[in-house]
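Visitor:
2 protein chains.
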Amino acid sequence: MTPSAPAPARTAPTPPARGRIRAPVAFDHLGRREAAIRFEMHGTVSRSRHPAVVLGGISAGRHLAPAPFDPSPGWWPGVVGPGGALDPDRRPLVGLYYLGGAGRPGKTARTDPARTRVAARRCLRPVTTHDQARAVAAVLDHLGIAAASFVGASYGGMVALAFAELFPARVRRLVVLCAAHRTHPMATAVRSVQRAAVSLGADAGDPARGLALARALAMTTYRSAREFEERFSPFALRAGTADAAPGVTPGAARARFPVEEYLEARGTAFVRACGAERFLALSESIDLHGTRPGSLPAHALLVSFDSDVLAPPWLMEELAARQGRSRARHLTIATRYGHDAFLKETEAVSGCLRRELAGEEVAR
Amino acid sequence: MTPSAPAPARTAPTPPARGRIRAPVAFDHLGRREAAIRFEMHGTVSRSRHPAVVLGGISAGRHLAPAPFDPSPGWWPGVVGPGGALDPDRRPLVGLYYLGGAGRPGKTARTDPARTRVAARRCLRPVTTHDQARAVAAVLDHLGIAAASFVGASYGGMVALAFAELFPARVRRLVVLCAAHRTHPMATAVRSVQRAAVSLGADAGDPARGLALARALAMTTYRSAREFEERFSPFALRAGTADAAPGVTPGAARARFPVEEYLEARGTAFVRACGAERFLALSESIDLHGTRPGSLPAHALLVSFDSDVLAPPWLMEELAARQGRSRARHLTIATRYGHDAFLKETEAVSGCLRRELAGEEVAR
Chain A
124 MTPSAPAPAR
134 TAPTPPARGR
144 IRAPVAFDHL
154 GRREAAIRFE
164 MHGTVSRSRH
174 PAVVLGGISA
184 GRHLAPAPFD
194 PSPGWWPGVV
204 GPGGALDPDR
214 RPLVGLYYLG
224 GAGRPGKTAR
234 TDPARTRVAA
244 RRCLRPVTTH
254 DQARAVAAVL
264 DHLGIAAASF
274 VGASYGGMVA
284 LAFAELFPAR
294 VRRLVVLCAA
304 HRTHPMATAV
314 RSVQRAAVSL
324 GADAGDPARG
334 LALARALAMT
344 TYRSAREFEE
354 RFSPFALRAG
364 TADAAPGVTP
374 GAARARFPVE
384 EYLEARGTAF
394 VRACGAERFL
404 ALSESIDLHG
414 TRPGSLPAHA
424 LLVSFDSDVL
434 APPWLMEELA
444 ARQGRSRARH
454 LTIATRYGHD
464 AFLKETEAVS
474 GCLRRELAGE
484 EVAR
Chain B
124 MTPSAPAPAR
134 TAPTPPARGR
144 IRAPVAFDHL
154 GRREAAIRFE
164 MHGTVSRSRH
174 PAVVLGGISA
184 GRHLAPAPFD
194 PSPGWWPGVV
204 GPGGALDPDR
214 RPLVGLYYLG
224 GAGRPGKTAR
234 TDPARTRVAA
244 RRCLRPVTTH
254 DQARAVAAVL
264 DHLGIAAASF
274 VGASYGGMVA
284 LAFAELFPAR
294 VRRLVVLCAA
304 HRTHPMATAV
314 RSVQRAAVSL
324 GADAGDPARG
334 LALARALAMT
344 TYRSAREFEE
354 RFSPFALRAG
364 TADAAPGVTP
374 GAARARFPVE
384 EYLEARGTAF
394 VRACGAERFL
404 ALSESIDLHG
414 TRPGSLPAHA
424 LLVSFDSDVL
434 APPWLMEELA
444 ARQGRSRARH
454 LTIATRYGHD
464 AFLKETEAVS
474 GCLRRELAGE
484 EVAR
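Residue numbers (the working numbering), protein chains in the order written: chain A, 124 to 487; chain B, 124 to 487.
1. For D151(A), which option in I456(A), S182(A), G413(A) and S449(A) has the closest C-alpha, if you only look at C-alpha atoms?
2. Assuming A175(B) contacts A271(B) (C-beta within less than 8 Å), just tell me the rounded distance between them.
3. Between T391(A), S169(A), V259(A) and V294(A), which has its C-alpha nearest P215(A)'s C-alpha?
4. Going by the DSSP bridge assignment, what does L300(B) pair with across the sheet?
5. Quick check on the burial criterion: 16 or more other C-beta atoms within 10 angstroms. Buried or exposed for P191(A)?
6. Just grab the DSSP bridge partners of V259(A) for me.
7. Taking CB distances under 8 Å as the criterion, tell me whether L340(A) reaches chain B.
8. Determine, using beta carbons only, whether P139(B) and E163(B) come nearer to each other than 8 Å.
9. Using a Cβ-Cβ cutoff of less than 7 Å, which residues in the same chain neighbour A421(A) once the five nearest sequence positions on both sides are dropped?
10. Do you know offhand how far P281(A)'s Cα is from R145(B)'s?
11. How close, in whole Å, do the beta carbons of C475(A) and V313(A) come, if the pair is a contact with beta carbons under 8 Å?
12. Identify each residue in the stretch 291–314 of chain B for which the Cβ-Cβ distance to at least one residue of chain A is less than 7 Å, and report them in chain order.
13. Looking only at C-alpha atoms, which of L284(A), A339(A) and V316(A) sits nearest to A332(B)?
14. Taking the straight line between their C-alpha atoms, what separation do you get for A434(A) and D410(A)?
15. In its own chain, which residues sit with a C-beta less than 8 Å from the C-beta of H307(A), not counting the 5 before and 5 after it?
16. Taking a cut of 7 Å between CB atoms, which residues from the stretch 142–158 of chain A lie near chain B?
17. According to DSSP, is P147(A) helix, strand or coil?
18. For H165(A) versus A188(A), is the C-beta spacing smaller than 8 Å?
19. Using the beta-carbon of each residue, which ones in chain A are nearer than 7 Å to F351(B)?
20. What residues of chain B sit near R332(A), judged by a beta carbon separation below 7 Å?
21. Could you spell out where the beta strand (DSSP E) holding F290(B) opens and where it closes?
22. Do A392(B) and L323(A) count as a contact pair if the criterion is CB distance below 8 Å?
23. Would you kindly check if the distance between the Cβ of L289(B) and the Cβ of A256(B) is under 8 Å?
24. If you measure between the beta carbons of R478(A) and R349(A), is that distance less than 8 Å?
25. For V177(A) and F273(A), I'd like the C-alpha separation in whole angstroms.
26. State buried or exposed for E407(A), treating a residue as buried only when at least 16 other CB atoms are found within 10 Å of its CB.
27. Assuming G461(A) contacts S427(A) under a Cβ cut-off of 8 Å, what Cβ separation, rounded to an integer in Å, is found between them?
28. Work out the CA separation of L300(A) and A378(B) for me, nearest whole Å.
29. Count the other C-beta atoms from every protein chain shown that fall within 10 angstroms of the C-beta of G184(A), then say buried if there are 16 or more, exposed otherwise.
30. Output yes if chain B places a C-beta closer than 8 Å to the C-beta of F393(A); else output no.
31. Who are the near neighbours of R155(B) in its chain, counting only those whose CB is closer than 8 Å to its CB and skipping five residues on each side?
32. How about T137(B): is its C-beta nearer than 8 Å to some C-beta of chain A?
33. In the stretch 406–487 of chain B, which residue ranges form an unbroken beta strand (DSSP E) of at least 3 residues, counting only runs that do not cross its ends?
34. Look up G166(B) in the DSSP assignment and say whether it is helix, strand or coil.
35. My assumption, with CB atoms under 8 Å, is that T469(B) sits in contact with V202(B). Please give the rounded CB distance.
36. Would you list the one or two residues that DSSP bridges to R305(B)?
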């Protein structure tokens with residue numbers, strides 16, 4: 124426990140706080156061992172202010188909203204923050220770093236070539252979404268929170284589903300975006316190529332280059348063909364001509380394409396934000412994810428996006444259709460932004476969250 | 124000219140023949156230079172037997188059907204061959220190797236690390252689909268064929284469109300499958316990652332590993348999510364459970380997934396069939412492709428497949444809609460096989476070809 128951890132169940136306003144706990148976690152593949160878990164909390168828990176755990180994708184951190192210790196916006200601007208659908212002034216919010224990978228996660232990612240080679244050769248035990256859920260439970264224990272609502276998107280949606288399976292009594296409301304009870308083979312296929320790219324880079328002594336390539340590939344699955352067409356096609360609004368073929372200058376050396384430069388830039392930026400070993404661990408964790416569809420809580424909302432190829436509507440509908448006794452609902456939002464729509468369609472997402480959580484929200 | 128090249132315009136049956144010519148080609152980016160072009164011909168050209176040029180994907184060769192010099196089936200079994208929609212006994216057929224990349228293409232691919240590094244660093248001039256069309260014209264000149272029908276699929280469809288643009292008077296009928304007047308940015312994005320994987324492998328001293336990875340990734344774009352779901356998902360027919368999560372054995376080291384093993388096997392097989400430098404050249408050639416939609420000939424049929432993400436129906440419809448004075452038609456076939464449907468949906472494809480080419484086919 125660190126001095127910065129907020130005291131539980133206070134009613135007076137508490138400033139946002141960050142903390143780091145060491146807690147025993149019963150890992151699926153590692154056995155029981157102590158794990159360091161880093162969290163962030165905004166707002167004050169009281170009898171009338173029910174907390175929400177907010178969980179994002181594999182590159183999301185614990186930082187949810189501007190705070191004295193970090194004035195930058197959190198990973199979900201437009202949805203989380205004062206006045207937003209998840210407003211720390213109206214509802215206490217908890218975020219955390221996912222377990223997985225060595226090194227302290229943060230703004231300066233650490234990629235150790237030797238460790239990445241070991242990770243890439245599959246010599247490390249996997250971390251599962253259920254392990255992450257156990258880490259969330261340890262943080263809630265520490266904060267004195269018996270039950271919370273969960274809002275999880277992408278990998279965070281999988282973790283929220285795993286939490287609901289392991290600790291059903293601790294879940295009030297559950298909103299899952301862009302995630303289902305399982306992955307599907309085409310998504311696993313592309314992620315396995317991403318991991319192989321990191322592995323190739325590590326063996327070449329340049330894991331960062333492999334990681335950048337993996338992220339570039341991942342970007343193609345986070346967005347949609349339609350959005351790329353609108354952003355990058357010189358032909359989108361007019362007839363194509365041979366003379367205007369992309370990247371061609373007669374007599375020039377090999378071509379570079381605008382979309383290629385975009386992907387390279389995204390890959391390079393990611394290397395600064397995430398270590399290769401951590402990426403490998405969380406990427407694999409996605410492909411190992413599996414929960415029983417029947418384990419959904421009574422109040423659950425599933426939100427899919429029509430152009431999302433990673434958690435497509437048909438897969439989330441499979442979860443909704445097999446929900447057992449839950450009254451889970453599934454709605455699909457039309458968007459050009461694919462899997463990233465949970466970050467881009469902030470208005471539609473906020474509407475869903477406000478409606479779903481309204482029942483337990485308390486006015487200021 | 125080689126002794127094995129058939130004499131033009133004979134009426135007596137001619138056995139299948141292979142040949143290699145050296146002909147001047149006015150390359151778009153290389154200037155005019157002599158190129159070696161390797162072709163194969165089946166059947167006999169006569170006044171009533173109109174030839175067809177048959178062009179496949181980047182890994183298709185010139186071999187079209189069993190012949191004394193090569194009893195193996197060609198690259199398009201079920202469509203090309205005795206009794207098939209493209210029957211060498213009823214219609215003379217011409218195939219060829221595409222230009223691009225060093226080394227003699229064939230069963231034993233050659234990948235030279237140093238040359239691949241040069242190619243990967245974009246120091247070589249690109250080869251375009253129009254260059255390939257000029258090579259086709261040189262072969263037709265050599266064979267004494269003034270005009271032919273064209274059946275092109277995937278990259279071969281792009282080459283056929285480029286031929287129709289450059290040599291409109293030499294095209295009788297044109298059938299284009301899985302190809303359009305241009306590519307789209309999402310397809311270019313995934314191909315640029317494939318080329319970067321080859322480049323990374325080359326810099327690591329192992330271009331074959333990079334090439335295998337590139338092919339593994341390419342496979343994800345040749346097939347559909349639905350087909351992968353049916354083939355590889357352990358959950359496709361039943362509810363998922365945490366215990367049955369794919370690849371998980373409690374206490375095991377990192378997981379391998381069935382779809383991952385499939386992709387690796389396809390990648391390894393491809394390395395034996397295609398050199399890395401050739402792959403880079405043809406992959407880039409796809410992304411440089413561009414023809415004027417208005418250049419379609421009077422008789423043209425465009426065939427798309429609903430699950431094809433590389434040449435999606437909307438892109439082929441764009442070509443059909445901008446055809447100008449042509450009477451080109453566009454039809455879309457429903458399939459689970461994505462881009463590879465031109466190879467897998469042989470019955471539907473054969474029906475299209477028979478109907479389209481019937482007007483100029485001559486009974487035995």
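The beta carbon of each residue, even a glycine, is placed where N, CA and C say it ideally should be.
Guide: According to the data block:
1. G413(A)
2. 6 Å
3. S169(A)
4. A276(B) and V426(B)
5. exposed
6. None; V259(A) has no bridge partner.
7. yes
8. yes
9. S449 and R450
10. A quick correction: the sequence has Met, not Pro, at residue 281(A). One C-alpha to the other measures close to 60 Å.
11. Actually they do not touch by this definition, with Cβ atoms about 27 Å apart.
12. H304, R305, H307, P308, M309, T311, A312 and V313
13. The identity of residue 332(B) in the sequence shown is Arg, whereas the question assumes Ala. Of the candidates L284(A), A339(A) and V316(A), the one whose C-alpha sits nearest the C-alpha of R332(B) is V316(A).
14. 12 Å
15. P435 and L438
16. D151 and H152
17. strand
18. yes
19. P308, M309 and A312
20. L323
21. From DSSP, F290(B) is part of no beta strand (DSSP E); its letter is neither H nor E.
22. no
23. yes
24. no
25. 6 Å
26. buried
27. Rounded, the Cβ-Cβ distance is 11 Å, inconsistent with contact.
28. 26 Å
29. buried
30. no
31. P147, V148 and A149
32. no
33. 423–428 and 452–456
34. coil
35. 5 Å
36. G413(B)
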